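One structure below.
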Amino acid sequence: MAEAFPTLFSPVTLGRVTLRNRIAMAPLTRQMAEADGTPTDEMVAYYARRARGGLGLIVTEGTYEQDAFQSRAYLSQPGIANAAHVAGWKKVCDAVHEHGAKIVIQLMHGGRVCDPRTLGNEPPVSASATQSGGWTLYTDNDYEKTIRNIDGDWPKVTFGKARELSVAELHAVADGFAAGAKRAVEAGADGVEVHGANGYLLWQFITPKTNLRTDEFGGSPENNVRFAKLVGEKIRAAIGPDKLLILRLSQDGVDDFTGAWPGGTAYAEAIGAALKDSAYDALHWASFNYLDNRFPADPTPLPTVLKRASGKPMITNGGIAEGQQAEAALTSGAADMVALGRPLFAHPDWPYIVRSGAEYPWLPFDRKYVIQPPLDFGHAYPMGLVDPKWPQP
Ligand SMILES: Cc1cc2nc3c(=O)[nH]c(=O)nc-3n(C[C@H](O)[C@H](O)[C@H](O)COP(=O)(O)O)c2cc1C
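Residue numbers (this note's numbering): 24 to 416.
As structure tokens, this is what we get:
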């Protein structure tokens, strides 16, 4: 019998790194590092468990790359900003490699939506002096409120007005990314992903709504993506040609869930074309539904547009929960690799289950995994499961 989903389970080479299949774990913030950003043993167990489930690539949760410039976005977010962080990530990378998967550390700077508690008395930094409208983090059911002692509405998170970074500071921030990438490689990572998506600093440059600059870092799609390119160039110079370098992009931001790039498909085309000569080996599309491009006049999925315009391999994410959907994303020209987020919270063995072709009761994602991971160890980190000894590809 032919194997289920032959494209999904075929190897793929991104840059100079070959992955055993086309399934990546999407980056998922867990807030389970030590308070000082050092990765914990729970993180080792969590990532190892998912590597053991048969993934080709793990993209880690967003990790702050430097202590300067208010880059930390969350409490208990991991960092790759010092030697202790490197030692912690080394354990994660070693454990993932033991199970045959590759791993890239996602480097992020929170920009204007950093948790104010990480900022000291400094304002957040951004492309321009804008202020996020904030967001309501959690909209779960009453049970979730009860166990978290929340009365009334879910709390709204607000942020202070951002300070605009000067051009000299942009170069310093990009140098910080490069130094973080070098430390990631020292920790044993196969490369890094630069977080240019979901409302954080690089997104704040790429998205015209939050980039009001009139210098070479704003005012056109080419200028808006220039900072992301600068970060990529400096990282490449720091880590050399053999390591994988990915750029993640999205329309949405954590404070702008229905975001759409003004200009629609044309904007995506211009961003893609501008990234053609960039240092990135691959792009990674972040969304909750990769088919949804929000421009009714042109229903082409945006990852398809970006892939064509850039000529870069595309990792496509958003709403892919079944093997059939993953295979379709690959064979339709929307993806060279797929990334799954929520399904891998709940199902560390997703790749092997899908490959076996077995029916499986896919549980709906539950947002409770967002807030207090320690509450959820039993489900999110099922280390007690018997190793099923799935046949290796
Ligand atoms: C709890 C949670 C944490 C996330 N953390 C990150 C992150 O650190 N970096 C990132 O680029 N995306 C992050 N995302 C977005 C996911 O990578 C992904 O784009 C999203 O879950 C949609 O994909 P899915 O339908 O496969 O879950 C997060 C999403 C969730 C639900």
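Idealized CB from N, CA, C, for every residue including glycine.
In this text, all values refer to a predicted model and were calculated from it rather than measured experimentally.
Where residue i falls, given that 16 or more other Cβ within 10 Å makes a residue buried
i	result
Gln129	buried
Asn312	exposed
Ser301	buried
Thr233	buried
Ala251	buried
Ser310	buried
Phe280	exposed
Gly102	buried
Val190	exposed
Arg365	buried
Thr36	exposed
Three-state secondary structure (DSSP) of residue i
i	result
Met131	strand
Arg365	helix
Gln227	helix
Val180	strand
Met55	coil
Straight-line Cα distance separating residue j from residue i
i	j	result
Asp321	Gly157	31 Å
Gly286	Arg271	20 Å
His122	Gln154	43 Å
His194	Ala58	28 Å
Arg95	Ala358	31 Å
Val196	Arg378	42 Å
Pro396	Ala202	Any answer about Pro396 is weak, because its pLDDT of 41 lies below 50 and its placement is not dependable; what the coordinates show is given next. Between Pro396 and Ala202, the C-alpha separation is close to 29 Å.
Arg75	Ile173	37 Å
Thr61	Met55	9 Å
Gly241	Lys113	37 Å
Thr41	Thr141	37 Å
Lys391	Asp238	Because the pLDDT of Lys391 is 41, which lies under 50, any placement of that residue in the model is unreliable, and the question is left without a value.
Ser273	Ala220	5 Å
Gly341	Phe28	19 Å
Residue i beta carbon near ligand 1 (any heavy atom closer than 8 Å)
i	result
Pro62	no
Phe228	no
Ile343	yes
Met360	no
Glu84	yes
His108	no
Phe311	yes
Met337	no
Thr52	yes
Met55	no
Ala49	yes
Pro133	Reading the sequence as shown, one finds Gly at residue 133 and not Pro. Incorrect: Gly133 has no Cβ contact closer than 8 Å to ligand 1.
Leu78	no
Option in the options with minimal Cα separation from residue i
i	options	result
Arg135	His108, Ala344, Val127 and Glu187	Glu187
Asn247	Phe318, Ala297, Ala27 and Asn44	Ala297
Thr323	Ala291, Tyr97 and Ala362	Ala291
Ser99	Ala110, Ile343, Met66 and Asp278	Met66
His370	Thr36, Met48 and Gly38	Met48
Gly111	Asp64, Ile126, Gln89 and Gly143	Asp64
Arg249	Gly295, Gly263 and Gly276	Gly295
Residue i CB to nearest heavy atom of ligand 3 below 8 Å
i	result
Asn316	In the structure on display, ligand 3 does not appear, and the ligands it does have are ligand 1.
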